[in-house]
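*Asks:* First residue of the sequence shown? That's 914 in this note's numbering, and the numbers climb one at a time after it.
C-beta atoms are modelled at their ideal positions from N, C-alpha and C, and glycine is treated no differently.
All values reported here derive from a predicted model rather than from experimental measurement.
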Amino acid sequence: MPVNNNNDQLGTEWLQHATYFWGIPLHPLGEVDTVAFMNELPDNLALTRDRVIGLQFQTASVLLATFIFIRNLRITIRMVMSRMRTLSAWFCFVPALLGTLFGLTVVYALLFSGLNCRKLLWLSGIVNTIAMMCNSGVLLQKAYLVLCRQRWIAIFGTLFTLPQLGFLVIVMVCCPITVEPLLGCVLYYPSYLPLYWFFASVPISLFFSAIFSYVAYRQYSMFGSDAWKRLARDGIQTMCLAVLCNIVCGIIIVFQIGGNYAIMFYVADWLLTSTILLNHCQNMRKASRLSNRPKTQNIINLSQIPTSKSIFTDSKLNSPVSKFSSIAPLTSHEYDD
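(1) Span of the beta strand (DSSP E) holding Ile937?
(2) Kindly indicate which three-state DSSP category Gly1097 falls into: helix, strand or coil?
(3) Can you say whether Trp1035 is buried or exposed, counting buried as having 16 or more other CB atoms within 10 angstroms of its CB?
(4) Leaving aside the five residues before and after Phe1112 along the sequence, list all residues of the same chain whose C-beta is less than 8 Å from its C-beta, in chain order.
(5) Give the single residue among Leu1023, Arg1062 and Leu1011 whose Cα lies nearest to the Cα of Asp946.
(6) In chain order, which continuous runs of the beta strand (DSSP E) of length 3 or greater are located wholly inside the region 1038–1094?
(7) Can you give the beta carbon distance from Gly1012 to Gly1097, rounded, assuming they're within the 8 Å contact cut?
(8) Using C-beta distances below 7 Å, list every residue in its chain close to Ile1165, excluding the 5 sequence neighbours before and after it, in chain order.
(9) Cα-Cα, which of Asn1048, Gly1079 and Val1086 is closest to Gly1070?
(10) Can you list, in chain order, the residues of its chain with a C-beta nearer than 8 Å to that of Gly936? Leave out the 5 residues immediately preceding and following it.
(11) Quick one, which of Leu1072, Ala1056, Leu1081 and Leu1053 has its alpha-carbon nearest Ile1043's?
(12) Mind reading off the beta-carbon distance from Thr1188 to Asn985? Whole number of angstroms is fine, and I expect it under 8 Å.
(13) What residues are listed by DSSP as bridge partners for Asp963?
(14) Could you check whether the region 1014–1034 touches the region 997–1005, counting it as contact only if at least three pairs of C-beta atoms, one from each stretch, sit closer than 8 Å?
(15) Hey, quick one: how far does the alpha helix (DSSP H) through Tyr1130 stretch, first residue to last?
(16) Can you tell me where the beta strand (DSSP E) with Thr932 in it begins and where it stops?
(17) Note down the Cα distance separating Glu1093 from Gly1038, rounded to an integer number of angstroms.
(18) Leaving out five residues before and five after Leu1014 in sequence, what residues of the same chain have Cβ atoms less than 8 Å from its Cβ?
(19) Taking only the alpha-carbon atoms, compute the straight-line gap between Ala978 and Val1156 and give it to the nearest angstrom.
(20) Count the other C-beta atoms from every protein chain shown that fall within 10 angstroms of the C-beta of His930, then say buried if there are 16 or more, exposed otherwise.
(21) What span of residues does the alpha helix (DSSP H) with Tyr1021 cover, start to end?
(22) Does the distance from the C-beta atom of Phe1068 to that of Ala1056 stay below 8 Å?
(23) What's the gap between the Cα of Asp1227 and the Cα of Tyr1130?
(24) Hey, could you find the ends of the alpha helix (DSSP H) Ala1175 is sitting in?
(25) Can you tell me the Cβ-Cβ gap for Val965 and Ser1001, rounded? I've got them flagged as a contact below 8 Å.
(26) Could you check where the alpha helix (DSSP H) with Thr947 kicks off and where it finishes?
(27) Going by DSSP, name the residue or residues bridged to Asn1029.
(28) Could you tell me which of Leu1075, Val975 and Asn1192 sits nearest to Val1019, measuring between CA atoms?
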């Protein structure tokens, strides 16, 4: 999905031929689907090749991301099936599902008619916005849990997550969409869009990650538990990786590194951040399980230990041995991440 951050380059002449949807002007070239675009091939062989190259490059990039989303979807399905009531599992599941469905939709649009570039890019904006909010939801829930379910953190986090919806509004209202040779679907966005996206996603992610990492490290300092050590280390790594991913992708988009294909880093940030948080949830689950496991693998049931014959004859004094030995070992409670 290449872009051009200069809306003035389109001019205003296209508005005379534009159609309108909910008062939003739609560029005529953005309403052309892939099949119609390829059927209008000119006689010039070079232009024909340019049209094919642009669409095929976009499709190949989306397919590569789709394979990773499918991998994440397979993992999150197991998480949801084993922890149906865990909110973070659903927050990890939704971006993976949306990414997979979006990739399949792009393939469908390339092979069949009915889906034009404007619909595809609007769909991309919808799923990207939902994915960003789900990623923020994972961090919000963890900050809420480690702060002992204080209501202020839930209210504060929700209010500061809502501005991410503005990204979708800007894409739909302020960004004309066309289809062009060599580039495929092109989104003309205003220069403030990358900055809006950056400040709507990075500060809130940094804040929640810092809260979780601080509490985990404090608990480890107080109790010295291996579980809290893993949680502190993994929380700090998650904060650094997620925020670094946001910053790097934001810089690439703002400074147009990679030219017109810099917009692909919106999808790259969505993909990488979702994968990082998914791995974080998995590591927390493993850490919570290992924290309650015995430190030795040679523990046996008490009933297997041979004992000498008791000198007491009262059956009430002999029975507790078997009763105590029949008690099942303590089971670990999963950390509700």
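*Replies:* Put simply:
(1) That run of the beta strand (DSSP E) goes Ile937 to Leu939.
(2) Three-state DSSP puts Gly1097 in a strand.
(3) Residue environment analysis places Trp1035 among the buried positions, since at least 16 neighbouring C-beta atoms fall within 10 angstroms of its C-beta.
(4) So the list is empty, once near-sequence residues are dropped.
(5) Checking every option, the nearest Cα to that of Asp946 belongs to Leu1023.
(6) Counting whole runs of 3 or more residues, the region 1038–1094 contains the beta strand (DSSP E) stretches 1090–1093.
(7) With a Cβ gap of about 19 Å, Gly1012 and Gly1097 do not count as contacting.
(8) Take Ile1165, set aside five residues on each side of it, and the residues of its chain with a beta-carbon closer than 7 Å to its own are Gly1171, Ala1175 and Phe1178, in chain order.
(9) The candidate whose alpha carbon is nearest that of Gly1070 is Asn1048.
(10) Contacts found: none.
(11) It is Leu1081 whose Cα lies nearest to the Cα of Ile1043.
(12) So it is a contact: roughly 6 Å between Cβ atoms.
(13) Paired residue(s): none; Asp963 is not in a bridge.
(14) Short answer: they don't touch.
(15) Following the DSSP letters along the chain, one finds Tyr1130 inside the alpha helix (DSSP H) bounded by residues Leu1106 to Phe1136.
(16) Thr932: member of the beta strand (DSSP E) spanning Thr932 to Phe934, first to last residue.
(17) Near 20 Å, if we compare the C-alpha coordinates of Gly1038 and Glu1093.
(18) Same-chain partners within the cutoff: Val1040.
(19) Cα to Cα, the separation comes out at about 20 Å.
(20) Only exposed fits His930, as fewer than 16 other CB atoms lie within 10 angstroms of its CB.
(21) Run containing Tyr1021: Leu1000 to Leu1024, per the alpha helix (DSSP H) assignment.
(22) For clarity, residue 1068 is Ile in the given sequence; the question names Phe instead. The answer is no: Cβ separation not under 8 Å.
(23) Annotation note: pLDDT 48 at Asp1227 (below 50); position unreliable, coordinate value reported separately. Their Cα atoms are separated by approximately 53 Å.
(24) Premise fails: Ala1175 is in no alpha helix (DSSP H) and is neither H nor E.
(25) The Cβ separation is near 43 Å, so there is no contact.
(26) Looking at the DSSP string, the run of the alpha helix (DSSP H) that includes Thr947 is Thr947 to Asn952.
(27) Asn1029 pairs with Asp946.
(28) The shortest C-alpha separation from Val1019 is found at Val975.
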